[in-house]
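The structure under discussion appears below in the form of structure tokens.
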Amino acid sequence: MNDGAWVSLFSGGKDSSWALYRALEAGHPVERLVTVHPEGDSYMYHVPATRLAELAAESIGIELVAVEPADFEAGSATDSGAQGDAELEPLEAALENLDSELVGGVTGITAGAVESEYQTSRIQAMADRLDAELFAPLWQRDPRTLAEAMLDAGFEIRIIQVAAHGLDESWLGRTLDAGTIAELETLNDEYGVHILGEGGEFETLVTDGPHMDRKIELDYTTEWDGTRGRLRIDDARLV
């Protein structure tokens, strides 16, 4: 199994980017990034701005495979468990295709799960079915330690969506840094906001890092409905 290829589940956000970076650091031969583009809200996947993952992949220098909305079953699931299982099917089909295409098949899969048993149990079961190792370096690690490690490594992380008490429109487009992390710790105490946004409180895009050859530069406007908002990306390019 050690002679095959590795595949990275990749959204362009900080958690999947960190899992990829750590896998490359560990010498795992990552040959494909796989990005799922869900339509609307998703129980399983990071949703906003996943199209920017293609730019990130170009900067990283690893080919990206996209799983498109048309690959998802139309909303027939009646509960979150059933929906999560249904959402996993097109991803697993894409990995099965890669398993047959890549020399030696798929040996390992990276995932950016931090605390979600809902996601991780499904991804682990999928990896088991593919006879592949699961590499999840963020799993059950201390959020503050992880955030500091990302910043120390040189990750530039932008907040592209917020949806939680305490996070107002001013957070949109902010870059995570030591000051931001300290503010998030305060919001964790006051409102229960997870420091890494694990509960969907905020979503991110990694615009630069040691695994990237070029930085992603964004032109955007903010969309805010009074309680939640996101960046509307008008233009994005590698510089």
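Numbering-wise (full-length UniProt numbering), the sequence shown opens with residue 1 and increments by one. C-beta atoms are modelled at their ideal positions from N, C-alpha and C, and glycine is treated no differently. Being a predicted model, the structure only gives us computed values, none of them experimental.
Using a threshold of 8 Å, state whether the C-beta atoms of residue i and residue j are closer than that.
i	j	result
A19	F135	yes
G209	A149	no
L151	A127	no
A23	T110	yes
I195	E203	no
R176	D15	The question names Arg, but residue 176 is Leu in the sequence shown. No, Cβ-Cβ distance for L176 and D15 is not below 8 Å.
L64	I216	no
L172	R122	no
V30	S8	yes
Report the option in the options whose CA atom is closest to the CA atom of residue i.
i	options	result
A94	D168, T35, A236	T35
T207	S8, L9, V7, I60	I60
G112	Q124, Y191, V106, G105	Q124
N97	D168, R122, E223, R32	R32
R141	H165, L88, E198	E198
L91	E58, E101, H37	H37
N188	W224, G166, E58	G166
D213	I62, E25, E223	I62
So, for residue i: in the same chain, excluding its five sequence neighbours on each side, which residues have a beta-carbon less than 7 Å away from its beta-carbon?
i	result
G108	W6, H28, A132, E133, F135
D234	D219, Y220, T221
D99	G105, V106, L130
A163	G200, E201, R228
A66	T35, H37
With DSSP as the reference, identify every bridge partner of residue i, one or two as the case may be.
i	result
L9	V34
W224	G229
V67	V36
R214	Answer is none; R214 lacks a bridge partner.
D177	Bridge partners of D177: none, in fact.
In or out: residue i buried (at least 16 other Cβ within 10 Å) or exposed?
i	result
V114	buried
E190	exposed
A182	exposed
R237	exposed
Q119	buried
V239	exposed
residue 249	With the chain covering only 1 through 239, there is no way to say anything about residue 249.
V103	exposed
A147	buried
Only counting the same chain, and skipping five residues up and downstream in sequence, which positions put a Cβ closer than 8 Å to that of residue i?
i	result
G13	H46, G112, E203, T204, L205, V206
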